[in-house]
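>
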Amino acid sequence: MGQECSTITVQQGDLCGSLASRCGISTADFYTYNPGSTFCNTLQAGQLVCCSEGSLPNLRPEPNPDGTCATYEVPPGEYCSLIASKFQLTVDEIETWNSNSWNWNGCGGLQRNAIICVSSGDPPMPAPIDTAICGPQAPGTARPSDWSQLATLNPCPLNACCNTWGNCGITPEFCTPPKSAGQVGCISNCGTEIAKSPSAPAEFLKVGYFQSYNLERPCLNMRADQIPSGYSHVHFSFGGITDDFAVDLSDSMEQFELFVEQTGFKKILAFGGWSYSTGGEPLPIFRNTTNNADRLRFARSVVATVEQYGLDGVDFDWEYPGAVDLGGSPTDGAQYLLLLRMVRQLLPAEKTVSLAAPASFHYLQGFPIAEMSAVVDYIVYMAYDLHGQWDYGTDNQAGCPGGNCLRSHVNLTETDYALAMVTKAGVPSDKIVVGLASYGRSFKMADRNCRADPMCRYLGPDERGYVGRCTREPGIIALAELEDIRAIELEGTVFWYDEASDSDMAQYMTDSWAAYMTETTKERRRARYQGQNFGGSVDWAIDLTAFVPGDPGIRDKRAVAARGAASFMDRRAEQV
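The UniProt record's numbering numbers the first residue of the sequence shown as 1 and each following residue consecutively.
#1: Residue ranges of each alpha helix (DSSP H) run of no fewer than 4 residues wholly in the region 167-223, ordered along the chain?
#2: From what residue to what residue does the alpha helix (DSSP H) around I94 run?
#3: In the DSSP assignment, find the unbroken beta strand (DSSP E) run with A299 in it and report its ends.
#4: If you draw a straight line from the alpha carbon of S81 to that of T90, how long is it in whole angstroms?
#5: CB-CB under 7 Å to H444, same chain, minus the five flanking residues each way: which ones, in chain order?
#6: Which residue's Cα is closest to the Cα of H362: R295, A160, K179?
#7: Verify whether the separation of the beta carbon atoms of residue 616 and R407 is less than 7 Å.
#8: Which residues share a DSSP beta bridge with N163?
#9: Which of helix, strand or coil does DSSP assign to R524?
#10: Please state the DSSP three-state secondary structure of Q88.
#11: Let me make sure I understand the geometry here. Which of S52, Y336, G310 has the alpha-carbon closest to that of F298?
#12: Identify, in the order they occur along the chain, each residue of the same chain with its Cβ nearer than 7 Å to the Cβ of G264, setting aside the five sequence neighbours on each side.
#13: Cβ of I133 within 7 Å of Cβ of G185?
#14: I'd like the span of the beta strand (DSSP E) that includes D539, first residue to last.
#15: Indicate whether at least one CB of chain C lies closer than 7 Å to the CB of A224.
#16: Can you tell me whether DSSP reads V10 as helix, strand or coil?
#17: Report yes or no: do the region 472-483 and the region 420-432 share at least 3 C-beta pairs separated by less than 8 Å?
#18: Quickly, what does DSSP pair E4 with across the bridge? List them, please.
#19: Apart from the five residues on each side of it in sequence, which residues of its chain come closer than 8 Å, Cβ to Cβ, to F568?
#20: So what's K236 in DSSP terms, helix, strand or just coil?
#21: Taking 7 Å as the limit between beta carbons, can you name the residues of its chain near G46, skipping five residues before and five after?
#22: Report the CB separation of E319 from G272 in whole angstroms; it is logged as a contact under 8 Å.
#23: Check C16 in the structure and name its three-state DSSP category.
#24: Could you give the residue range of the alpha helix (DSSP H) that holds Y33?
#25: Which full runs of the alpha helix (DSSP H) of 4+ residues lie inside the region 320-396, going along the chain?
#26: Could you check if I129 belongs to the surroundings of the ligand COA, using beta carbon to heavy atom distance under 6 Å?
#27: Enumerate in chain order the residues of its own chain whose CB-to-CB distance from E203 is below 6 Å, with the five nearest sequence positions on each side excluded.
#28: With H, G and I counted as helix, E and B as strand and the rest as coil, what does DSSP make of A420?
#29: Go ahead and pull the three-state DSSP assignment for P428.
#30: Hey, how far is the Cα of S537 from the Cα of R526?
#31: From A349 to S329, what distance separates their C-alpha atoms?
#32: Would you tell me roughly how many angstroms separate the C-alpha atoms of R143 and N214, rounded to the nearest one?
#33: Could you tell me the alpha carbon to alpha carbon distance between L269 and R217, rounded to whole angstroms?
#34: Provide the residue span of the beta strand (DSSP E) that contains L482, from first to last.
#35: What whole-angstrom Cβ distance do V427 and A370 have, given they're in contact under 8 Å?
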């Protein structure tokens, strides 16, 4: 190796004359030590130049002993030609060596803090992103033995889509692949297509939940012997659980005794529900049925109840295992699966076992849902309540800062995303009965003149609009109540079908707004789901659909107006 010259580093704005001056030599000598007709025209900041005879020191990095390339983390403001000059490389070499580097978009799209190759060799692991939970940039990710599998590292729960930044989701912003290499987009489990079972189920089920406690309402009451025909399975909601893990039907025994006498549909006893799963004291009781010591006791009690009353099956509706925000534990899902397996093993084969699952990426993660689908006969997929008052003040609504836009809780597009999620997670579509809602989610409008635009707003938690005369629950109104309001044709009441969301909508009592499903919309959805090889549909709830003979309903305009005034006064009283 020849003698190395003494050097200085080119700074921004330097010319050959200023460099010669800094070297303390003449311009002629500088040209001698740094020959080339284009040398002075191609100077780059960071480049070394000779101030004496000899060769420049070799700054070209060598590949690592393990065959990986030498790497360089790109500081803010640097670009390929500058990096090339630092290491005596060419821009073409940088382009070639990084052709297989993660998320490489060429020198024209060089990203700051990117880790790039500055020698030949296998490409480097990309720089970690602190917030990434999926993909190769999740902190602590080891290099794969097969580089072609880099994008599949750290897959999202439920086989959801992972995007370039390591975020998981189920909507197009997460699931759309980039149009060209190096662009931002989905990197694994991409797409929002529903995974259809190869063939339709032997029977398309029509399931309905029957709220046994509906007799507690002032109206819209239904006895179990008034359940309309047409359902293949009816879920009696809900059986209770005692402190010693026995089935408890004492709160609804009169209704239950009527229920077991009915014919024409499969009779299913359901356990759980939102109130029971999240309502304080019963919560640990329901959770503890999945602990090793008490699982068998509860399973035997369930099976004994099925056999004693000649029921056709059981349904479990735990909302939701593993949900830390609801007091859950990460081990809930695995324990729940063990309970389902035990009940399935103890029940005769002709009896059904089902469970309810949420159409929410956040809450479905707590379910080992693919394994559960192999145990149960069908899964009740709660494809409703996609929006509600709980959105207020959150980022849960796409394109709606603050979360208080009037959106349908049964929006078809969002339902399709949720169905794609659960089928991509490994649940056969023919095991899924898709939820339909016989109620609306209601809000008080911020502007009574803005009702049909998805950016129309509603007021906050203290202003919930008209409370149904029968349901008496803020934020919810039964299909039967809405149809009666439509029938009496109050001034200022408007009902319409929204094609974009495949939902029915209503503005009533001046400034109350609800999205819901008419029977026409529900039938259209059933036909759609049957064509997609789903297992059936499930209605929450049968007793919210229509007034039975003998129930006067709310067809009197004065009664509705009085109820509206009472609703207003109730809200005022709650604010005091």
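Idealized CB from N, CA, C, for every residue including glycine.
Inspection of the coordinates gives the following:
#1: 172-175
#2: Counting along the chain, the alpha helix (DSSP H) containing I94 begins and ends at 91-97.
#3: First-last for A299: 292-309, but that is the alpha helix (DSSP H), not the beta strand (DSSP E).
#4: 7 Å
#5: Reading off the sequence shown, one finds Lys at residue 444, where the question assumed His. Around K444: Y458, L459, E463, R464, G465, D511, S512.
#6: A160
#7: Nothing can be reported for residue 616, as the shown portion of the chain is limited to 1 through 576.
#8: C186
#9: Looking at R524 - three-state DSSP - the assignment turns out to be helix.
#10: coil
#11: Y336
#12: Excluding its 5 nearest sequence neighbours in each direction, G264 has C-beta neighbours in its own chain below 7 Å: S229, listed in chain order.
#13: no
#14: Counting along the chain, the unbroken beta strand (DSSP E) around D539 starts and ends at 536-540.
#15: No chain C is part of this structure, which consists of one protein chain only.
#16: coil
#17: Note that the region 472-483 does not touch the region 420-432; fewer than 3 beta-carbon pairs, one per stretch, sit closer than 8 Å.
#18: According to DSSP, E4 bridges with S55.
#19: The predicted position of F568 is uncertain, since its pLDDT is 40 and thus under 50; no value can be drawn from it.
#20: The displayed chain sequence assigns Phe, not Lys, to residue 236. Looking at F236 - three-state DSSP - the assignment turns out to be strand.
#21: Contacts found: T9, V10, L82, S85, K86.
#22: The pair is a contact, with the Cβ atoms about 7 Å apart (cut-off 8 Å).
#23: C16 falls in the helix class under three-state DSSP.
#24: 27-33
#25: 332-346, 361-364, 369-373
#26: You won't find the ligand COA in this model; it holds no ligand whatsoever.
#27: Hits under 6 Å: none found.
#28: helix
#29: coil
#30: Spanning the two alpha carbons is a distance of roughly 6 Å.
#31: A349 and S329 have their C-alpha atoms roughly 31 Å apart.
#32: 58 Å
#33: 22 Å
#34: Run containing L482: none in the beta strand (DSSP E); it sits in the alpha helix (DSSP H), 479-488.
#35: 6 Å
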